[in-house]
Amino acid sequence: MSIIPGVEIARLTGPMILGYMWSYMLYGVLLVQIYMYTELFPTDRPGLKLLVWVDFFFETVFTVLMTIAAWSMFGDGWGNPAILLQLNWTWGVMPLLSGILSGLAQGFYIWRIWHLTKSFWIPVPITLAVLAQLGGLWWFGIKWNIGLWHVSVLPPLSGGVTVWLAGSAVCDVLITIALTAVLWRRKKETKFSETSGILNRLIRLSIETGALTSITATVEVILWLGWEEFNYHFTLFLMLGKMYSNVLMATLNCRNPIFLKGSSNSQGVVNSQGGTTSIGHVNPPLQPAFWSEPNDRPRVPVVNAVRGVHVSRNIYVDNSTDSIVMTNFNLGAPRDDVEKGSVGKL
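Under full-length UniProt numbering, the first residue of the sequence shown is numbered 1, with each subsequent residue one higher.
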């Protein structure tokens, strides 16, 4: 029952509370993912580190502004019905930050597609779609700030919000399709079962992460168009930017062998005394990457000094541009892969 006749308070405040709580939860998940990234990949290329910390900075600013907005409504504004119609200034900044966060994640995937294909005919259309949806967002943000964040200003701005959210969903679908197609083509070209298995997992990861953000944006635009008079859409709005950030970090962290296992170069040793055979690993597990610079240093096979007959298998790299190398077979810490071709030699 509403305390104000004709106004369903629960449909206005309830979605906001859920959005605040779930957004804080996703921020906690993001903190864990960033900690994992700093521990697992301390030698990543500077561009990736900059992307991670810029994204984290904007997420932190968004979370601080969101906290101010929550306090304004449920702290200082508690019991004041006018606060439901007149939002505070933080709501003029948060949509713009959400667009920046989605743009960072989508830009990373566009760069990744270009890095794999070395072609502009796929990345350029997706980039134009991203710029179009960001244009709708910034048009909405300017008009929304001119209207001083009063909810009565929102209905005339429905077009800009729709372009932003629908465009974001379309971009995510296009990115998912492009990445899946590129990885599937590489899978068909490879002759190694280990590489094929890794590519299968990469394809599945691309589909899952793309589906998460595109479905969220689609549901948000449906809630916006179908129940504009209520605040249902604010629940997903408060979460959307953090979903993009978590998807980005999950993509970077999946390079760790814990999440993406493979096989390594093995050595078999025949003992001259008893004839027994033991298997040892001299190289790190296979792991994918599409974000490192080519490493053309020669691979030096490692031979352990053992007594008896020593049998080893070495995999070398041929600089072909038609397929993909999934790892560097160097001793020590695992390194990123490169986008050069591979030919196995026994």
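C-beta atoms are modelled at their ideal positions from N, C-alpha and C, and glycine is treated no differently.
Because the structure is a prediction, the values reported are computed rather than measured.
K118: not part of any alpha helix (DSSP H); DSSP gives it neither H nor E. For L85, no alpha helix (DSSP H) encloses it, and the DSSP letter there is neither H nor E.
Taking every protein chain shown into account, the CB of R45 has fewer than 16 other CB atoms within 10 angstroms, so this residue is exposed.
The continuous alpha helix (DSSP H) containing P15 extends over residues I9 to L40. In this structure, N231 lies away from P95, with their beta-carbon atoms at least 8 Å apart.
Looking only at T90, I207, K188 and L165, the smallest Cα-Cα distance to T180 is reached by I207.
Pairing F56 with S98, the inter-Cα distance amounts to about 12 Å. By the Cβ criterion, the segment 154-163 is not in contact with the segment 115-127, since fewer than three pairs of Cβ atoms, one from each stretch, lie closer than 8 Å.
Within the segment 159-219, no beta strand (DSSP E) run of at least 3 residues lies entirely inside it. Looking at the backbone, the Cα of G47 and that of W53 are separated by about 10 Å.
Between the segment 125-139 and the segment 159-172 there are three or more C-beta pairs closer than 8 Å, enough to call the two in contact.
With a beta-carbon spacing of about 7 Å, S245 and A105 fall inside the 8 Å limit used to define contacts. In this structure, the straight-line span from the alpha carbon of Y35 to that of Y109 is close to 22 Å. DSSP places D76 outside any alpha helix (DSSP H), giving it a letter other than H or E. Sequence-distant Cβ neighbours of E220 in its own chain, meaning closer than 7 Å and more than five residues away, are L165, H233, L236, F237 and L240.
In the DSSP assignment, T43 falls outside any alpha helix (DSSP H), carrying neither H nor E. A Cβ-Cβ distance of about 13 Å is found for the pair L212 and M249, leaving them out of contact under the 8 Å criterion.
Boundaries of the alpha helix (DSSP H) harbouring H233: Y232 to N253, taken from the DSSP string.
Annotation: T67 to W149 spans about 17 Å, alpha carbon to alpha carbon. With contacts defined as CB atoms closer than 8 Å, F58 and L101 qualify as a contacting pair. For a cut-off of 8 Å, the C-beta gap from L65 to T90 is around 4 Å, short enough to register as a contact. Straight across, the Cα-Cα distance linking Y20 with K188 is about 45 Å.
By alpha-carbon distance to L26, the top candidate from E8, L128, T176 and V247 is V247. Closest in C-alpha terms to F62, from the list M73, A10, G92 and L183, comes G92. If you draw a 10 Å sphere on the C-beta of S168, you find 16 or more other C-beta atoms in it, and that means buried. Between T251 and G210 the beta-carbon gap is near 10 Å, outside 8 Å, which marks them as no contact.
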